[in-house]
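Going by the working numbering, the sequence shown opens with residue 25, and the numbers climb by one from there. Everything on this sheet refers to the single structure shown next.
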Amino acid sequence: MKILSLNFLTCAVKACKSSSDSYPLHPKDAELVQDEIEVNAQLLVNLLPRLDWTALSTTATELGFPALPPQPPSAEDLQADDKTLRDLHNLLMETQIMEGKLVCGNCGHEYAVREGIANFLLPSHLV
Ligand SMILES: [Zn+2]
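Printed below as a string of structure tokens:
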């Protein structure tokens, strides 16, 4: 799963919906792979306003990426600054979690990631 997807995922446990601790999910024992994908600057520019930047910063740090700037770059910044563009592209598009877990900071539930797919099915007592 792409790091981008993590920005749109919350814990599936009902009681966690109202807790700010359930987002973002925290990667654990994550095995990362890098895919080479052609940079699409326009896609990133369109994507930026939809991202939760704080959550993305948390995820990047937890995965061992260099810290992101405190504010998301503007479209102009992104188009003028090739390094920032490439770094973001690499983090969001090219990096995948192949194996590991995603852990909810509220209930502690661990969602397994296998072969790049996160399993969001809950055991019956949590549904
Ligand atoms: Zn939870």
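Don't be surprised by glycine CBs; every beta carbon is placed ideally from N, CA and C.
- Would you give the residue range spanned by the alpha helix (DSSP H) that residue 111 belongs to? As a working note, residue 111 is residue 87 in the sequence shown. Segment 106 to 113, the alpha helix (DSSP H) holding residue 111.
- Task: Could you pull the start and end residues of the beta strand (DSSP E) that residue 21 belongs to?
- Result: Nothing about residue 21 can be reported from this structure: the residues present for the chain run from 25 to 151 only.
- Using a threshold of 9 Å, state whether the C-beta atoms of residue 37 and residue 130 are closer than that. Position 13 of the sequence shown, counting from 1, holds the residue named residue 37. Position 106 of the sequence shown, counting from 1, holds the residue named residue 130. Yes; because the gap between Cβ atoms is below 9 Å, this pair is in contact.
- Message: At a threshold of 8 Å, does residue 151 count as lining ligand 1 (C-beta to nearest heavy atom)?
- Response: One-based indexing of the sequence shown puts residue 151 at position 127. Answer for residue 151: no, Cβ out of range of ligand 1.
- Message: Just to confirm before moving on: does the CB-CB distance between residue 77 and residue 96 stay below 9 Å?
- Response: Counting from 1 along the sequence shown, the entry for residue 77 is found at position 53. Counting from 1 along the sequence shown, the entry for residue 96 is found at position 72. Yes; because the gap between Cβ atoms is below 9 Å, this pair is in contact.
- Query: Just to check, is the beta-carbon of residue 133 closer than 8 Å to a non-hydrogen atom of ligand 1?
  - Reply: Walking along the sequence shown from the start, residue 133 turns up at place 109. Yes, ligand 1 has a heavy atom inside 8 Å of this Cβ.
- Item | Supposed contact pair residue 68 and residue 112 - C-beta distance, whole angstroms, cut 8 Å | Mapped onto the sequence shown, residue 112 falls at position 88. Mapped onto the sequence shown, residue 68 falls at position 44. Sure, about 6 Å apart at Cβ, within 8 Å.
- Hey, out of 27, 147 and 140, whose CA is closest to residue 81's CA? What you label residue 81 is simply residue 57 of the sequence shown in a count that begins at 1. Comparing Cα positions, the closest option is 27.
- Message: Restricting to runs no shorter than 4 residues, where is the alpha helix (DSSP H) found entirely within the stretch 65 to 89?
- Response: 65 to 71 and 77 to 86
- Between the beta-carbon of residue 116 and the beta-carbon of residue 108, is there less than 9 Å? Against the sequence shown, residue 116 aligns to sequence position 92. Against the sequence shown, residue 108 aligns to sequence position 84. The answer is no: Cβ separation not under 9 Å.
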